[in-house]
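All remarks here apply to the structure that follows.
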Amino acid sequence: HELGHKADRLNIFFGLLANNAVGYAHFRIEHNRGHHTWVATPEDPASARFGESIYAFASRELPGAFRRGWRNEAERLTKRGERVWSIRNEILQGFAFTLLVAAALIALFGWKVAPFIVAHHFLGWYALTQANYVEHYGLLREKLPNGRYQPVEPRHSW
1 HELGHKADRL
11 NIFFGLLANN
21 AVGYAHFRIE
31 HNRGHHTWVA
41 TPEDPASARF
51 GESIYAFASR
61 ELPGAFRRGW
71 RNEAERLTKR
81 GERVWSIRNE
91 ILQGFAFTLL
101 VAAALIALFG
111 WKVAPFIVAH
121 HFLGWYALTQ
131 ANYVEHYGLL
141 REKLPNGRYQ
151 PVEPRHSW
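Residue 1 is where the sequence shown starts when you use this note's numbering, and the numbers rise one by one after that.
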């Protein structure tokens with residue numbers, strides 16, 4: 001998570017490696033381009049609502065974050081005149097890495113390792129979901145008369 005905020009390529013690479021290792025290729029895109037824009041608003045699937053259980057949040061956040069990440073990546077590629085379903089798609093690159101690692105582990109250890117791969121991915125997803133849940137639980141930015149939300153401030157994170 002934190003490595004995805006860095007500006008240098010090495011830290012970004014290690015952040016991508018960590019996310020892709022658990023099949024969470026969309027996270028950096030969604031987090032930096034979506035969540036940072038919409039944090040603490042009803043439009044943000046990665047901000048827990050007051051009274052929302054972690055389970056209800058996870059069932060909303062996991063698919064919502066993937067959809068928004070894919071949409072953000074599609075917009076980026078379209079603006080550059082590139083196809084969404086291409087090697088330039090960072091989400092597809094990440095999932096290719098995830099599949100290659102899983103295939104290598106299955107080739108080395110057999111199919112008996114598959115449940116461990118699934119559990120590993122689930123735990124990675126759930127850890128990031130728990131962090132998002134705690135960081136912004138119940139916090140909301142005020143909607144201004146012009147229709148925009150007030151700027152993000154430190155008080156919009158716990």
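Glycine included, every Cβ here is placed at the ideal spot set by N, Cα and C.
Only a predicted model underlies this, so the values are computations on that prediction, with no experimental measurement involved.
Checklist entry - Taking the alpha carbon of PHE122 as the point to measure from, which residue in GLU153, ALA56, ALA21 has its own alpha carbon closest? => result As a working note, residue 122 is residue 122 in the sequence shown. The shortest C-alpha separation from PHE122 is found at ALA21.
Checklist entry - For the alpha helix (DSSP H) that contains HIS26, what are its first and last residues? => result Translated into the one-based positions of the sequence shown, residue 26 becomes position 26. Element bounds for HIS26: n/a, residue is neither H nor E.
Checklist entry - Considering only residues of the region 10-84, which uninterrupted alpha helix (DSSP H) runs meet the minimum length of 4 residues and lie entirely inside it, listed in chain order? => result Entirely contained in the region 10-84, the alpha helix (DSSP H) runs reaching 4 residues are, in chain order, 54-79.
Checklist entry - Below 9 Å between beta carbons: does that hold for GLY34 and ALA7? => result In the sequence shown, counting from the first residue as 1, residue 34 sits at position 34. In the sequence shown, counting from the first residue as 1, residue 7 sits at position 7. Contact flag unset, no.
Next on the checklist: If I measure Cβ to Cβ from THR78 and keep anything under 8 Å in the same chain, skipping five residues before and after, which residues do I get?
Outcome noted: Within the sequence shown, residue 78 is the residue found at index 78, counting from 1. Excluding residues up to 5 positions away in sequence, VAL84 lie with their Cβ nearer than 8 Å to the Cβ of THR78 in the same chain.
Next on the checklist: Going by DSSP, what residue range makes up the alpha helix (DSSP H) through GLU2?
Outcome noted: As a working mapping, residue 2 is identified with position 2 in the sequence shown. Element bounds for GLU2: n/a, residue is neither H nor E.
Item to check | CB of ILE29 within 9 Å of CB of GLN130, strictly | outcome: Looking up residue 29 in the sequence shown gives position 29. Looking up residue 130 in the sequence shown gives position 130. In this structure, GLN130 does not lie closer than 9 Å to ILE29 by Cβ.
Checklist entry - Could you give the distance in angstroms between the alpha-carbon of ILE87 and the alpha-carbon of ARG155? => result Taking the first residue of the sequence shown as 1, we reach residue 87 at position 87. Taking the first residue of the sequence shown as 1, we reach residue 155 at position 155. Roughly 39 Å separates the two Cα atoms.
Checklist entry - Does the Cβ of GLY94 have 16 or more other Cβ atoms within 10 Å, making it buried, or fewer, making it exposed? => result Counting from one through the sequence shown, the residue named residue 94 turns up at place 94. GLY94 should be labelled buried.
Checklist entry - Quick one: what's got a C-beta closer than 8 Å to GLU142's C-beta in the same chain, skipping five residues either side? => result The sequence position of residue 142 within the sequence shown is 142, counting from 1. If we look at GLU142 and ignore the five residues flanking it on each side, its Cβ neighbours are TYR149, GLN150.
Next on the checklist: What residue range does the alpha helix (DSSP H) around GLN93 cover?
Outcome noted: Counting from 1 along the sequence shown, the entry for residue 93 is found at position 93. Per DSSP, GLN93 belongs to the alpha helix (DSSP H) from 90-109.
Checklist entry - Mind checking whether TRP111 and TYR137 have CB atoms under 9 Å apart? => result As a position in the sequence shown, residue 111 is number 111, starting the count at 1. As a position in the sequence shown, residue 137 is number 137, starting the count at 1. Cβ atoms of TRP111 and TYR137: not closer than 9 Å.
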